[in-house]
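Data block below; observations after.
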Amino acid sequence: MSGHTIQLATISAVLAGTIMSGTLLAETHKEYRFNVGLRAGVSVNNPYGSVSVKPSTGNIVVISAILSSDKVEVDNALVGNRVEIQSHLLPGADAQSGRVDYEILAPADASITLHSSNGSLRAEKLHGDVSLEGAAATVDVRDISNAHVHIKTLNGPVTLSNVQDGHIEIDSLSGNVTLRSVNGPLVQVVSTSGGISYVGDFGDHGDYRFTSHSGDIDAVVPGSTSADVSARSVRGEVHDDIPLQPKQHTSFVLKEGVALWGTMGRAAISSTVVLRSFSGKIHLRKRASE
């Protein structure tokens, strides 16, 4: 190898090391703390990056933020009893350099509002209202009780686990929606092309409405479930593996394979279940372990 070649290789290595060091040094960690009152609010608007919320101890909000570069700043403020966080993109920022990842500790009774375009959104062990909105964001909500849960996504998948006594509304364009052990007075899912999967028992006195234009709807419930079930697909198929007691009066013509209407169980307390699809398949199944 010639001296000239060695010199060029050395310069390239130094430049590469400088760029890598600059990238690493540009990534910074910041923390913000706010004292709040009862039923505080926390709002996070984060174009690029993840947001995770867990309960704190006491009336305090702690926000840990990892900034990917100096192309983004964190605007933060306490307005009344509401903490407001905004990822502020500077000129030249893109999805990588403008990324901020947040980990938040907030009182369990706080109202949480999270926005992210492509990062994951996660909330757990809370009992205040939760509102999550994203484009391609992955949404994960778990171990929440007695709360209003509102979720809007374009194509990001949505998963709810162990959400009890909730008022739940989910609106998705093409992302799949999965519900496990979810019940409450209202559980409503609307999807254009994404699939809807429910594994649970439909609770007591609840109103469950799952609608998808072209996505499949799959509901797996125990044999002890008590519910009035109405299912219809205009161009798809409808199947049930659980014997239903037929209704004497229906609001639409029942046709085998495309529509059903009946009652599961005999308990006085029951929920109303409405499953609708235009071209997707609907399947009501009994839990395999029984």
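Every position in the sequence shown, counted from 1, becomes a number in the numbering used here once 1067 is added.
Where a beta carbon is used, it is the ideal one built from N, C-alpha and C, also for glycine.
All values reported here derive from a predicted model rather than from experimental measurement.
According to DSSP, residue pairing for F1277 in a beta bridge involves V1256, L1342.
T1292 counts as buried, since at least 16 other C-beta atoms from the protein chains shown sit within 10 angstroms of its C-beta. In the DSSP assignment, T1226 falls within the unbroken beta strand (DSSP E) covering 1225-1231. The beta strand (DSSP E) runs lying completely inside the stretch 1094-1129 and spanning 3 residues or more are 1095-1102, 1108-1113, 1118-1122, given in chain order.
For Q1153, the enclosing beta strand (DSSP E) has its first and last residue at 1149-1156. In this structure, V1288 sits away from D1271, with a CB-CB distance that is not shorter than 9 Å. Judged by DSSP secondary structure, H1234 falls within the beta strand (DSSP E) whose first and last residues are 1234-1239. If you draw a 10 Å sphere on the C-beta of E1094, you find fewer than 16 other C-beta atoms in it, and that means exposed. In the DSSP assignment, N1143 falls within the unbroken beta strand (DSSP E) covering 1139-1146. The criterion of a C-beta distance shorter than 9 Å is satisfied by S1258 and L1240.
Taking the C-beta atoms as reference points, A1175 is found nearer than 9 Å to G1195. Distance from K1348 to I1309 at the Cβ level is roughly 16 Å; contact not present, criterion being Cβ atoms closer than 8 Å. Residue environment: L1188 is assigned as buried (16 or more neighbouring CB atoms within 10 Å of its CB, all protein chains considered).
In the structure shown, I1349 falls within a strand segment according to DSSP collapsed to helix, strand and coil. When secondary structure is reduced to three states using DSSP, A1204 falls in the coil class, being assigned neither helix nor strand. N1112 and S1300 have their C-alpha atoms roughly 38 Å apart. The stretch 1204-1211 makes contact with the stretch 1219-1229, as at least three CB pairs between them are under 8 Å.
S1291 carries a coil assignment under DSSP once its states are collapsed to helix, strand and coil.
Inclusion of K1121 and I1171 in the CB contact set at 9 Å is warranted, their separation being smaller than that value.
Around the beta-carbon of R1166, 16 or more other beta-carbon atoms lie within 10 Å, marking it buried.
Only residues of its own chain outside the window of five on either side were considered, and among them V1129, I1130, S1131, A1132 have a CB closer than 8 Å to the CB of E1098, listed in chain order. E1151 and L1157 have their C-alpha atoms some 19 Å from each other.
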